[in-house]
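Residue 27 in the working numbering sits at position 26 of the sequence shown, and the numbers go up by one each step.
All C-beta atoms in this analysis are idealised placements derived from N, C-alpha and C, irrespective of residue type, glycine included.
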Amino acid sequence: MTHVGAELLWLRSRARLTLEEAARAAGVTPGRLAAVESGVEAITPASAVRLAGSLVEVIRARFEAAQPAPSLPPADLAAILFVLRENGPSTHNEIYAAYVQTTAHPRLAEDWVRWAVSHLHQAGYVTYDSIAGRGPHGRRARRWMLITPASPDPIDATA
């Protein structure tokens with residue numbers, strides 16, 4: 002058995018997948034996967050890459066389904082959006098510092114601010130700035146900025 006084949010079988014065992022689930026995820030027949038597992042058939046690099054990618058997706062889906070999604074109060078998300086609107090493009094550290102200054106009782110730790118910015122990015126409220134910022138130790142840091150709509154909302158235009 003190849004090194005790649007051994008890694009895939011270890012990955013399958015760590016994911017606690019049945020042979021049928023692993024085969025279905027990888028798009029191969031259960032008989033072929035059983036032959037690979039028993040060492041009768043060698044696994045090719047191309048099929049190993051496909052199998053590994055499929056198994057990783059199954060593992061990720063199971064992990065995300067098992068983990069409760071943390072939720073932030075809308076007021077905290079609104080405070081982060083307010084900071085970005087007032088300060089313009091900012092790094093995570095700058096967002097956190099401004100959040101602490103503008104919030105009467107800051108509840109979020111710096112890691113939670115990072116998670117909130119990621120959540121707002123996935124929701125389509127913020128995006129990366131094309132100009133990189135600098136972190137507290139001089140390293141390059143991603144700057145975040147609000148996404149501005151291309152045209153004003155027609156409801157706001159009539160008001």
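#### Entry: Length of the line joining the Cα atoms of residue 137 and residue 95
Each residue's alpha carbon lies about 9 angstroms from the other.
### Message
Please tell me whether residue 99 and residue 88 are closer than 7 angstroms, where the distance is taken between their beta carbons.
### Response
yes
### Task
Kindly provide the ranges of any alpha helix (DSSP H) runs that are 4 or more residues long and lie completely inside the stretch 80-111, ordered along the chain.
The qualifying runs are 93-103.
### Query
With DSSP run on the structure shown, which of helix, strand or coil describes residue 73?
coil
### Whole-angstrom distance between residue 36 and residue 80, CA atom to CA atom
56 angstroms
### Task
Mind checking who residue 128 pairs with in its DSSP beta bridge?
146
#### Entry: CA-to-CA distance, residue 73 to residue 126, given in whole angstroms
15 angstroms
### Message
If you reduce the DSSP assignment to three classes, tell me which class residue 141 lands in.
### Response
strand
### Task
Assign residue 110 to buried or exposed, taking buried as 16 or more other Cβ atoms, counted over all protein chains shown, within 10 Å of its Cβ.
exposed
### Task
Give me the Cα-Cα distance between residue 130 and residue 105, rounded to the nearest whole angstrom.
28 angstroms
### Task
Counting only the same chain and skipping the five closest in sequence on each side, list residues whose C-beta sits under 8 angstroms from that of residue 92.
134, 135, 136, 142, 143, 144 and 145
### Task
Give me whichever residues DSSP pairs with residue 136 in a beta bridge.
Residue 136 is not bridged to any residue.
### Message
Taking 8 angstroms as the limit between beta carbons, can you name the residues of its chain near residue 118, skipping five residues before and five after?
### Response
81, 93, 96, 127 and 145
### Query
Going by the beta-carbon positions, is the gap between residue 147 and residue 85 smaller than 7 angstroms?
yes
### Task
Give a yes or no on whether the C-beta atoms belonging to residue 107 and residue 114 are separated by under 7 angstroms.
For residue 107 and residue 114, no; Cβs fall outside 7 angstroms.
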